[in-house]
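Inspection log for the structure reproduced underneath, given as structure tokens.
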Amino acid sequence: MQADLIIRGADIIDGTGATRFKGDVAVTDDRIAATGNLSHWIAGREIDARGKVVAPGFIDPHVHHDGAMLTHPDMEFMTSQGVTTVINGNCGFSIAPLKDTSRMPDALRMIVDDDQLAFPSYAAYRDRIADAPAAVNAACLIGHSTLRINELTNLGLPADKAQTLEMCRQLDKALEEGAIGLSTGTFYPPSRAAPTEELISLARIAHQHGKLYVTHMRDEGDRVIEALQETFAVGRESCCGVHVSHHKCAGLANHGKSIQTLKMIDDAMQKQDVGLDTTPWIASSTMLNSGRHKQATRVIVAESKPYPELAGQDLADIALRWNTDIDDALERLLPATGIFFIMDEEDVQRILSYEHTIICSDGIPTGSHPHPRVWGTFPRVLGRYARDVGLFSLEEAVKRMTSMPADRFGLGGRGRITVGHFADLVIFDPDTIAEGATFETPIRPAIGIDWVFVNGREVWKDGHKTGARPGRPLEQTVPCRVV
23 MQADLIIRGA DIIDGTGATR FKGDVAVTDD RIAATGNLSH WIAGREIDAR GKVVAPGFID
83 PHVHHDGAML THPDMEFMTS QGVTTVINGN CGFSIAPLKD TSRMPDALRM IVDDDQLAFP
143 SYAAYRDRIA DAPAAVNAAC LIGHSTLRIN ELTNLGLPAD KAQTLEMCRQ LDKALEEGAI
203 GLSTGTFYPP SRAAPTEELI SLARIAHQHG KLYVTHMRDE GDRVIEALQE TFAVGRESCC
263 GVHVSHHKCA GLANHGKSIQ TLKMIDDAMQ KQDVGLDTTP WIASSTMLNS GRHKQATRVI
323 VAESKPYPEL AGQDLADIAL RWNTDIDDAL ERLLPATGIF FIMDEEDVQR ILSYEHTIIC
383 SDGIPTGSHP HPRVWGTFPR VLGRYARDVG LFSLEEAVKR MTSMPADRFG LGGRGRITVG
443 HFADLVIFDP DTIAEGATFE TPIRPAIGID WVFVNGREVW KDGHKTGARP GRPLEQTVPC
503 RVV
């Protein structure tokens, strides 16, 4: 038998959580052709992977790379850490369908700062990334805030009946065109005024398509309990599956609340379709004027439009140097993004280790000093939390970043090493894998990632991008599952 590529002698972690086994993986065209003992097979190229792990390419279900897919198509910050598929359009913000680029709020401009890279329909965006592919595959959610920007003159008000109907029509069209669900971000000003009934109306449309309601909830701090209750209510009333994005308990007063929130999620899962993901960091990142600085023990300025030279510096140090208070310094830095140290390590580990939790980065790849999660999330889970801390096995860690997100979002043919699946693969050293990125030096590739393949083509090799761009726009091809 003959293949294009054979990876020989690896420890195969297939993405299901099953114990690793030694064997070979054969690839022909864009598919996995065979696994196991392939000593009788030959190939045009062979990789000696003895001592290494070969796993399915990682799937990041929560990113903000909508614009980066077009402006930085090598997607080095993803491929260098083994990610082969991303899901864009999160937190209520997508760059399609967007009618009027002149009304883009700062939160949306974090994702795309070029008016030419906003699209009037999801089909237009889908076709653009198909015609000018990136190095990774991408699926996309449709943002509630984007729909509100299209229809509401005053974003500080609830949508009226006609506006809600038009948003539902736009969502229905985008889902028909291949978007994989609805995202909301009622934490952010463009959607903060939306009542629960508005969310339910849109979630009903997602349910009609068999797709998910994915939410950056209204609150992740003092009112996280009430925010979870609202999320579950949206799911119950609309019959739509709900997915809690980057679950956290933010602020000193809320440290330890994950005991309660995970019990709530566990109880809700017995009655309705619920899922969640999280990041492996005690710091979050969003708009500098989000109010998060009031809960944080430390704030790093990630990017400031008027003061780009201050990226990477502590907000407190800037205020001291300017001889002013924190709030005044913050206002002078705007528009800006920040990194906020607001979580507790015990909560982070408790949420990570919860059996239904999927891994995500929540990465925003803008500015000279982004959060290290943009470059380092997946190796951090494999190295720090699986190998060093022992929070779960390496097999379980891989499952949470491969088959679980694939099953949750209905991405058929992805997330497992099995014959017939797409050849999205990562080869790494289990003894050395770690994040290279730090809060001090956030733009740095992972350690221990040797090769990455997307649809059978090599996109990362020995610490360098290859220049290949074999990524594809993805659609939901199988029903979403509770994982």
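Each residue of the sequence shown is one higher than the last, beginning at 23 in my numbering.
Every residue, glycine too, gets a C-beta built ideally from N, C-alpha and C.
If you follow the alpha helix (DSSP H) that residue i is part of, which residue opens it and which one closes it?
i: HIS166; result: 166-173
i: LEU274; result: Where LEU274 is concerned, there is no enclosing alpha helix (DSSP H), given that its DSSP letter is neither H nor E.
i: CYS190; result: 183-198
i: TRP397; result: 395-402
i: GLU353; result: 348-355
i: TYR147; result: 144-153
i: ARG226; result: 218-230
Spatial neighbours of residue i within its chain, please: CB distance less than 7 Å, with the 5 preceding and 5 following residues excluded, ordered by chain position.
i: ALA145; result: GLU199
i: SER213; result: GLY114, HIS166, SER167, ARG170, THR206 and GLY207
i: SER326; result: LEU332, ALA333, LEU355 and ALA358
i: LYS421; result: GLY37, THR38 and GLY39
i: GLN192; result: PRO119, LEU169 and ASN172
i: ASP52; result: PHE444, ALA445, ASN477 and GLY478
i: ARG320; result: ASP336 and PHE363
i: GLN185; result: GLU173 and LEU174
Rounded to a whole number of angstroms, what is the C-alpha to C-alpha distance between residue i and residue j?
i: ILE380; j: HIS393; result: 20 Å
i: HIS229; j: GLU173; result: 22 Å
i: GLY257; j: TYR235; result: 8 Å
i: ASP136; j: ALA201; result: 22 Å
i: THR218; j: GLY478; result: 44 Å
i: ASP36; j: GLU367; result: 29 Å
i: GLN317; j: GLY273; result: 5 Å
i: LEU60; j: GLY437; result: 22 Å
i: ILE34; j: ASP244; result: 43 Å
i: LEU163; j: GLY203; result: 5 Å
i: ALA90; j: MET97; result: 7 Å
i: ASN176; j: VAL396; result: 33 Å
i: ASP336; j: PRO427; result: 35 Å
i: PRO142; j: ILE455; result: 42 Å
i: THR253; j: CYS262; result: 11 Å
Of the residues the options, which one's Cα is nearest the Cα of residue i?
i: GLY432; options: PHE209, GLY478, PRO501 and GLY405; result: PRO501
i: ASP350; options: MET423, ASN311 and TYR376; result: ASN311
i: GLY31; options: ALA216, PHE450 and GLY478; result: PHE450
i: TRP473; options: GLU377, PRO452, LEU447 and ILE465; result: LEU447
i: GLU377; options: ILE81, VAL75 and VAL504; result: VAL504
i: TYR147; options: LEU92, THR101 and LEU187; result: LEU92
i: ILE151; options: GLN498, GLU497, MET286 and GLY493; result: GLY493
i: ARG226; options: VAL264, GLU248, GLU457 and GLY434; result: VAL264
i: HIS94; options: ILE304, ALA156, ILE348 and SER390; result: ALA156
i: GLY405; options: ILE164, ILE469 and ALA255; result: ILE469
i: MET23; options: ARG42, GLY45 and THR50; result: THR50
i: GLY458; options: ILE322, GLY485 and LYS195; result: GLY485
i: PHE444; options: SER425, ASP453, VAL134 and THR346; result: SER425
i: GLY442; options: THR57, CYS261, ALA456 and PHE209; result: THR57
i: ALA25; options: TRP63, ALA249, PHE43 and LEU130; result: TRP63
i: ALA275; options: VAL246, LYS483, LEU352 and THR301; result: VAL246
i: GLY178; options: ILE322, ALA215, HIS238 and PHE363; result: ALA215
i: GLY489; options: VAL158, ASP46, GLY45 and LYS121; result: VAL158
i: PRO464; options: LEU250, VAL323 and GLY435; result: VAL323
i: MET189; options: GLY297, PRO211, PHE209 and LEU221; result: LEU221
i: ASP295; options: SER307, VAL266 and TRP303; result: VAL266
Span of the beta strand (DSSP E) holding residue i?
i: THR15; result: Since the first and last residues shown for the chain are 23 and 505, residue 15 lies out of range.
i: ILE64; result: 64-70
i: ASP82; result: 80-82
i: MET309; result: 305-309
i: HIS265; result: 264-266
i: GLU480; result: 479-483
Around the C-beta of residue i, are 16 or more other C-beta atoms found within 10 angstroms, so that it is buried, or is it exposed?
i: SER124; result: exposed
i: LYS233; result: buried
i: ARG72; result: exposed
i: VAL481; result: buried
i: SER390; result: exposed
i: PRO387; result: buried
i: PHE99; result: buried
i: PRO330; result: exposed
i: ASN345; result: exposed
i: GLN138; result: exposed
i: THR300; result: buried
Please tell me whether residue i has its Cβ less than 7 Å away from any Cβ of chain B.
i: GLY412; result: The question asks about chain B, but that chain is absent: this structure has only one protein chain.
To which residues of the same chain is residue i closer than 6 Å at the C-beta, ignoring the five residues directly before and after it?
i: GLU497; result: GLY200
i: ASP429; result: ARG503 and VAL505
i: ARG67; result: LEU27
i: GLY385; result: VAL85, ARG395 and VAL396
i: ARG491; result: PRO95, PRO155, ALA156 and ALA157
Less than 8 Å between C-beta atoms, sequence neighbours within five positions excluded: which residues of the same chain meet that for residue i?
i: GLY278; result: CYS271, ASP366, GLU368 and ASP369
i: ALA140; result: ILE117, ALA118, LEU120, THR123, MET126 and VAL134
i: VAL411; result: GLN371
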